[in-house]
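Here's the structure, in structure tokens; my notes come after.
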Amino acid sequence: MVDLADIRAATEGLPRSYEVLVRDRIKYRVGQIVYLAVAADELSMGIGFPKEERDAAIAAEPDKFFRPRPSDERFRWIQVHLDALDPTELRELVLDAWQMCVPKKVAAEYFATRGPVGDPEDRSKR
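Each residue of the sequence shown is one higher than the last, beginning at 1 in the numbering used here.
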């Protein structure tokens, strides 16, 4: 299970990313693009996710993933139960969503110095 502190840790240091409070909901943006939004009750989050992979993810892990509200289904977005995630999986989802919002050059520079999951120790494993 992950919580808001884990989300903050996963997003910390991501270039061009920042946290905002919008109508009592914590959201993470790159510019004006929201790539992660924590539910008001902090039990789930919406996160950027490829639309073409959404149905397969929900079918494969229905206890973890669920559909966004109908008005958000047109976006590259999926909902996730936080109690079904571990910190490593959270970090992977955050990095994937963040990477969809930043220029390719920014993501490439970030991963070149940190490895695929953003941990400085991962550099030694490559």
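For glycine and all other residues, C-beta sits at the position ideal for the given N, C-alpha and C.
Tell whether a beta-carbon distance below 8 Å holds between residue i and residue j.
i          : j          : result
residue 34 : residue 26 : no
Using the Cβ count rule (16 or more neighbours within 10 Å means buried), how would you classify residue i?
i           : result
residue 79  : buried
residue 18  : exposed
residue 2   : buried
residue 13  : exposed
residue 8   : exposed
residue 102 : buried
residue 91  : buried
residue 36  : buried
If I'm right that residue i touches residue j with Cβ under 8 Å, what's the distance once you round it to whole angstroms?
i          : j           : result
residue 48 : residue 100 : 5 Å
Compare the Cα-Cα distances from residue i to each of the options and report the closest residue.
i          : options       : result
residue 65 : 43, 71 and 74 : 43
field: Within the stretch 21-97, ranges of the alpha helix (DSSP H) (whole runs, at least 4 residues)
entry: 51-60
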